[in-house]
Amino acid sequence: MRRLTQPIIQNFSRILSDFLPPTLKKPSPLPSPSTFDIRNIATNPVPNYRNQNLHSNDSIFGSEVGTEEILESFEALESTLGKGDEMKYGLACLKVAQHLDSIGFEDRQKTLDFADKAFRILNDHGGDDEHRSIKVVMALHVLGSVNYGMKRFDESLGFLNKADKILVKCQRDSESFDAKPIMLAIQLQLATTKTAMGRREEAILHLRRCLDLKIKMFGSDSTEVGAAYRDLAEAYVAIIKFKEALPLCLKAMENHAGKLGSNSVEIAHCRRLLGVIYTGLEEHHKALEQNQLSQKLMKNLNVDSDFNDAEIEAANIQIALGKYDDAITTLKNVMKQVGKSTEEEDKSRTKVSVYITMARALCYQEKSVDAKRCLEIASEILKSREENDQSPELSGEIAEGYTDIAEIYEKISDFDIAISLLKKSICLFDKIPQEIYAQANAYGRIGMLLLMTGKAEEATPYLKNAVEGLKESFGPKHYTIGYAYKILGIAYMDLDLPESAAQVFAIARDIIDDTLGCDHRDSINLCQHIANAYDSIGNYDVAIEFQKLAIDGWSRHGPNAEELLQLAQIRMEDFQKKIAGPGRFSRKF
Numbered sequence: 021m022r023r024l025t026q027p028i029i030q031n032f033s034r035i036l037s038d039f040l041p042p043t044l045k046k047p048s049p050l051p052s053p054s055t056f057d058i059r060n061i062a063t064n065p066v067p068n069y070r071n072q073n074l075h076s077n078d079s080i081f082g083s084e085v086g087t088e089e090i091l092e093s094f095e096a097l098e099s100t101l102g103k104g105d106e107m108k109y110g111l112a113c114l115k116v117a118q119h120l121d122s123i124g125f126e127d128r129q130k131t132l133d134f135a136d137k138a139f140r141i142l143n144d145h146g147g148d149d150e151h152r153s154i155k156v157v158m159a160l161h162v163l164g165s166v167n168y169g170m171k172r173f174d175e176s177l178g179f180l181n182k183a184d185k186i187l188v189k190c191q192r193d194s195e196s197f198d199a200k201p202i203m204l205a206i207q208l209q210l211a212t213t214k215t216a217m218g219r220r221e222e223a224i225l226h227l228r229r230c231l232d233l234k235i236k237m238f239g240s241d242s243t244e245v246g247a248a249y250r251d252l253a254e255a256y257v258a259i260i261k262f263k264e265a266l267p268l269c270l271k272a273m274e275n276h277a278g279k280l281g282s283n284s285v286e287i288a289h290c291r292r293l294l295g296v297i298y299t300g301l302e303e304h305h306k307a308l309e310q311n312q313l314s315q316k317l318m319k320n321l322n323v324d325s326d327f328n329d330a331e332i333e334a335a336n337i338q339i340a341l342g343k344y345d346d347a348i349t350t351l352k353n354v355m356k357q358v359g360k361s362t363e364e365e366d367k368s369r370t371k372v373s374v375y376i377t378m379a380r381a382l383c384y385q386e387k388s389v390d391a392k393r394c395l396e397i398a399s400e401i402l403k404s405r406e407e408n409d410q411s412p413e414l415s416g417e418i419a420e421g422y423t424d425i426a427e428i429y430e431k432i433s434d435f436d437i438a439i440s441l442l443k444k445s446i447c448l449f450d451k452i453p454q455e456i457y458a459q460a461n462a463y464g465r466i467g468m469l470l471l472m473t474g475k476a477e478e479a480t481p482y483l484k485n486a487v488e489g490l491k492e493s494f495g496p497k498h499y500t501i502g503y504a505y506k507i508l509g510i511a512y513m514d515l516d517l518p519e520s521a522a523q524v525f526a527i528a529r530d531i532i533d534d535t536l537g538c539d540h541r542d543s544i545n546l547c548q549h550i551a552n553a554y555d556s557i558g559n560y561d562v563a564i565e566f567q568k569l570a571i572d573g574w575s576r577h578g579p580n581a582e583e584l585l586q587l588a589q590i591r592m593e594d595f596q597k598k599i600a601g602p603g604r605f606s607r608k609f
């Protein structure tokens with residue numbers, strides 16, 4: 021299990037208004053596609069829908085269960101079939117395809133050929149009722165699953181969407197038709213495929229449907245439903261929506277405690293996830309409490325593989341609480357445990373995490389030389405791993421490592437190294453479609469760093485790429501996109517393009533208003549940016565209109581925003597003087 025969280029996200033608002041708001045650094049992709057692959061669902065099994073509607077399917081090959089036996093039996097059967105046996109042939113192709121897909125057969129093209137034959141035959145000769153439809157859906161499911169395994173995500177999505185439409189029609193046309201098992205399988209695969217495409221927001225809709233289906237199939241207090249609640253909570257964490265994740269995780273923990281007891285592995289995982297969520301909500305004391313309870317359970321249950329990761333998470337929470345010495349002590353304990361690991365890959369991965377987190381603690385203690393040494397060691401390990409293994413899975417992990425290291429170089433103002441590392445991570449993320457968000461974040465951070473160093477023209481394409489990546493991953497209305505547009509607007513202002521700036525500031529404000537509310541500080545701040553843009557254009561009437569909104573907004577925030585209110589009022593005076601006559605002094609902030 022990959023670590024669920026990484027340290028606090030680089031808070032760009034502390035540099036220049038923030039590319040992302042205060043929150044966690046993006047967790048390791050959660051859920052990963054394998055979490056929802058129906059071949060790997062150990063904790064939330066799907067009933068064996070594959071045979072329930074095939075009637076004589078098992079008799080096609082007798083009792084043969086091995087791959088070689090099934091393929092041999094298929095060849096023997098194929099030689100005996102004649103005209104009028106199309107249905108039997110289609111069912112045989114379907115069973116072979118399902119078997120090969122379920123075992124992850126190495127020759128995926130062969131599996132695909134069987135599934136394609138099954139679909140074509142069953143679609144043409146399967147009759148015209150719900151039983152025919154369910155067979156077609158099963159074939160489409162295998163086509164979707166195999167194409168997903170071959171990384172043909174668009175093709176996978178096409179087959180799965182077609183299957184979903186057929187099932188919806190069957191449910192509508194026949195009240196007695198129970199398609200919940202196959203519907204669950206389709207929804208899980210849709211979530212898997214869309215997650216792999218980086219379309220995480222859409223994947224969540226399918227996970228919600230999975231939860232509803234499991235409640236109907238297994239009952240609300242079942243372990244399957246508990247696992248579905250946690251899957252959904254993890255999915256929300258992956259798109260940094262911690263408020264939505266919290267009640268789901270609590271529901272999962274309540275469910276597992278009732279069915280499995282308070283000291284189960286499932287409870288340990290729920291508590292660890294709660295630690296991530298509370299950190300994202302900046303409730304660090306609660307986060308540390310849940311993390312420690314999780315560690316205690318893992319230790320008692322001998323879950324060594326997750327224990328070190330949980331301790332590193334604890335160190336990051338301690339850093340967030342300002343307990344830097346405690347964090348360093350925690351990390352030293354982890355390093356002692358690393359030596360006991362027999363897996364070289366696990367050792368390397370854990371060492372990188374320890375050195376990066378150690379560097380972060382040292383950075384906050386203003387020990388830059390020691391922090392840099394830790395970062396150099398972590399970079400050397402990552403470089404070695406990159407040279408020895410270029411698989412997409414490892415590429416994502418290495419890219420995350422480079423991104424984390426870059427964040428600390430940013431803190432110590434070594435921007436050139438930070439940009440170089442972020443560019444490396446972008447190249448590595450290119451191999452992994454599901455990491456669109458992480459890649460967009462890297463683009464945004466490069467854009468921010470270039471903007472901070474006066475290179476607005478060079479920053480602009482990076483910021484545009486960030487916007488597009490975030491939109492592709494989260495849809496058009498996620499609040500992070502509002503922040504991205506805001507920074508792009510600042511770049512346009514630096515380039516003396518106030519018309520373009522006004523446009524993107526307006527888009528940013530609409531998104532922030534929709535997601536965080538018009539009284540949110542960032543929405544008010546955007547009114548100020550829009551006013552400044554119209555001031556530069558020379559449209560002082562519109563500038564005053566938005567400046568009034570900024571003043572009204574800050575006045576609603578009370579004493580905490582008193583200084584900002586005063587600055588906004590001074591700015592209003594500047595606009596009013598400009599209307600009264602040209603050449604007046606203007607103060608911008």
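Residue numbers 21 to 609, in my numbering, belong to the letters of the sequence shown in order. Think of the CB as a built atom: it goes at the ideal place given N, C-alpha and C, for glycine as much as any other residue.
Determine the direct distance from the alpha carbon of residue j to that of residue i, and round the result to whole angstroms.
i, j, result
"A551", "P201", "56 Å"
"V616", "Q310", "Limits of the chain in this structure are 21 at one end and 609 at the other, which puts residue 616 out of reach."
"I259", "Y457", "9 Å"
"A272", "A247", "7 Å"
"Q312", "A334", "7 Å"
"G86", "L163", "21 Å"
"K316", "E302", "23 Å"
"E84", "I401", "Confidence at E84 is low in this model, with a pLDDT of 49, below 50, so its placement is unreliable and the value that follows should be read with caution. In a straight line, the C-alpha of E84 is about 49 Å away from that of I401."
"Q357", "Q118", "43 Å"
"L587", "K598", "17 Å"
"T350", "I332", "8 Å"
"Q596", "L266", "48 Å"
"E17", "Y256", "Examination of residue 17 is not possible in this model, given that the chain is present from 21 through 609 alone."
"S368", "K403", "11 Å"
"E396", "L187", "55 Å"
"F525", "A570", "14 Å"
"V285", "M318", "7 Å"
"H145", "A223", "33 Å"
"R219", "D450", "15 Å"
"S440", "I425", "11 Å"
"R229", "E492", "22 Å"
"I437", "C190", "58 Å"
"K261", "D594", "40 Å"
"K137", "L160", "11 Å"
"T377", "E427", "11 Å"
"R172", "L585", "54 Å"
"Y109", "K182", "23 Å"
"V278", "V323", "Checking the sequence, you will find Gly at residue 278 rather than Val. Their Cα atoms are separated by approximately 21 Å."
"I590", "D542", "19 Å"
"Y505", "I527", "7 Å"
"H498", "F134", "41 Å"
Which term fits residue i, buried or exposed, when burial requires 16 or more other beta carbons within 10 angstroms of its beta carbon?
i, result
"A600", "exposed"
"A62", "With a pLDDT of 26 at A62, under the threshold of 50, the modelled position of that residue is not reliable, and the figure given next carries that caveat. Looking at its Cβ environment, which holds fewer than 16 other Cβ atoms inside 10 Å, A62 is exposed."
"K103", "exposed"
"R576", "exposed"
"P67", "Confidence is the limiting factor: at P67 the pLDDT is only 38, short of 50, which leaves the residue's position unreliable, though a coordinate-based value still follows. Under this definition P67 is an exposed residue."
"N461", "buried"
"I510", "buried"
"D241", "exposed"
"C547", "buried"
"V372", "buried"
"K225", "Residue identity check: residue 225 is Leu in the sequence provided, not Lys. Exposed."
"R405", "buried"
"T100", "exposed"
"H304", "buried"
"E365", "exposed"
"T473", "exposed"
"K155", "buried"
Quick one: measure Cβ to Cβ for residue i and residue j, integer angstroms, because I've assumed they're closer than 8 Å.
i, j, result
"N275", "Y298", "Actually they do not touch by this definition, with Cβ atoms about 19 Å apart."
"R465", "L442", "6 Å"
"S398", "Y375", "Note that residue 398 corresponds to Ala in the displayed sequence, not to Ser. So it is a contact: roughly 4 Å between Cβ atoms."
"I452", "G416", "5 Å"
Counting only beta-carbon separations shorter than 8 Å, does residue i have a partner in chain C?
i, result
"V358", "The structure shown contains no chain C; it is built from a single protein chain."
In chain order, each alpha helix (DSSP H) run of at least 4 residues that lies wholly inside the region 204-276: 220-238 and 243-258
Inside the region 309-349 only - alpha helix (DSSP H) runs reaching at least 4 residues: 324-340
Secondary structure, alpha helix (DSSP H): runs of 4+ residues fully inside the region 432-467: 435-449
Length at least 4, wholly inside the region 122-173: the alpha helix (DSSP H) runs in chain order: 128-145 and 150-169
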